[in-house]
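A.B. asks: Supplied in structure tokens, the structure appears directly below.
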Amino acid sequence: MSEELEGKHGVQSLEVGMGILKAMVFGKRSMMLKDIAAAADMPPSKAHRYLVSLIRSGLVEQDPLTSRYNLGPFALNIGLVAIDRLDRIRLGLAAISELRDEINETTALAVWGDNGPVIVRWERPRRPITVNVVTGTTLGVLSSAAGRVFAAWLPNLTRPIVKREVETRRNLPPGVETLADADALLASVRDRGLAAISGNYMFRGVEAAAAPVFNFKNELTMALVIVGVEGSIDMGEQSAVLARLKGAADALSLRLGSTRGSDAAALPSA
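Per full-length UniProt numbering, the sequence shown runs over residues 1 to 270.
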């Protein structure tokens, strides 16, 4: 067999092992052997043999008390290295840290996941009372500030989810009853250049704002978010805090090569 043909065939055992790792990642928790086997669509005995090798390589570890399996230290290192090598994420993390220092509010970085924006990191302010944000949380589209940013500038990607939220009445904000209402809400977000929610946020007593960050293709790539206790952030049109949020997002967009400038609110990405 030629090297070219062998390369095209790949290594089946490696692909099976990756299937087990994917099952564990999508499981989002420590898992029992039977659950991993079921998720990977293989007999438990076969899954166990692969798990033994994955444990030896450091990609998986097993809790001796519960017998549950979880991702191991080497898998976590791979994830950290991958994140570190993504310039947009690294720059975004620096941006929310600097913004936190400027405004002394909880800041966060959101990227698009499978079913909505996902918080990848957050920074705690120096305040006695703060709002904690759970890393890895997938937010609603119409009910969260970050979700509205993605829906406003990525309509083709988010339209099915917006439609589903309207049809299922899932955490709809006041005044949104139809798709037309949702479209009007998102148009106002584009007009303002950011999304700000106070008084009717998805969690009682919490308010939030988010601003879009664009890449060198002038496409929305992530959102900078601030979150605070209700009444702690000026949500008005002349708010200095929201101006700093928008300024930080615009500066990051410029750093990523965007040419949309401060008028980036004008048109949504296709």
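By construction, the Cβ of each residue, glycine as well, lies at the ideal position given by its N, Cα and C atoms.
As the structure is a prediction and not an experimental result, all values here were calculated from the model.
Per DSSP, what kind of secondary structure is Q238 in: helix, strand or coil?
C.D. replies: In this structure, Q238 counts as coil in the three-state DSSP scheme.
A.B. asks: Just to confirm the assignment, what range does the alpha helix (DSSP H) spanning M24 have?
C.D. replies: Residues 12-27.
A.B. asks: Going by the beta-carbon positions, is the gap between L172 and L142 smaller than 8 angstroms?
C.D. replies: Yes, Cβ-Cβ distance for L172 and L142 is below 8 angstroms.
A.B. asks: Give me, in chain order, the residues of the same chain whose beta-carbon lies closer than 8 angstroms to that of Q12; leave out the 5 immediate sequence neighbours on both sides.
C.D. replies: Nothing listed; no residue qualifies.
A.B. asks: Do you know how far the Cα of L254 is from the Cα of R260?
C.D. replies: Distance between the alpha carbons of R260 and L254: 8 angstroms.
A.B. asks: With DSSP as the reference, label V81 as helix, strand or coil.
C.D. replies: Here V81 sits in helix by DSSP.
A.B. asks: Quick one: what does DSSP say residue 271 is sitting in, helix, strand or coil?
C.D. replies: The structure shown does not extend to residue 271, since the chain is modelled only from 1 through 270, so no value can be given for it.
A.B. asks: What span of residues does the alpha helix (DSSP H) with L154 cover, start to end?
C.D. replies: Unbroken run through L154: none, as it is neither H nor E.
A.B. asks: Rounded to a whole number of angstroms, what is the C-alpha to C-alpha distance between T158 and I119?
C.D. replies: Computed Cα separation, rounded: 17 angstroms.
A.B. asks: Any chance the segment 207-220 sits against the segment 64-79, with 3 or more Cβ pairs inside 8 angstroms?
C.D. replies: Contact between the segment 207-220 and the segment 64-79 is absent, because fewer than three Cβ pairs lie under 8 angstroms.
A.B. asks: Can you name the start and end residues of the beta strand (DSSP E) that I233 belongs to?
C.D. replies: From DSSP, I233 is part of no beta strand (DSSP E); its letter is neither H nor E.
A.B. asks: In terms of residues, what are the limits of the alpha helix (DSSP H) holding R90?
C.D. replies: 87-103 is the extent of the alpha helix (DSSP H) around R90.
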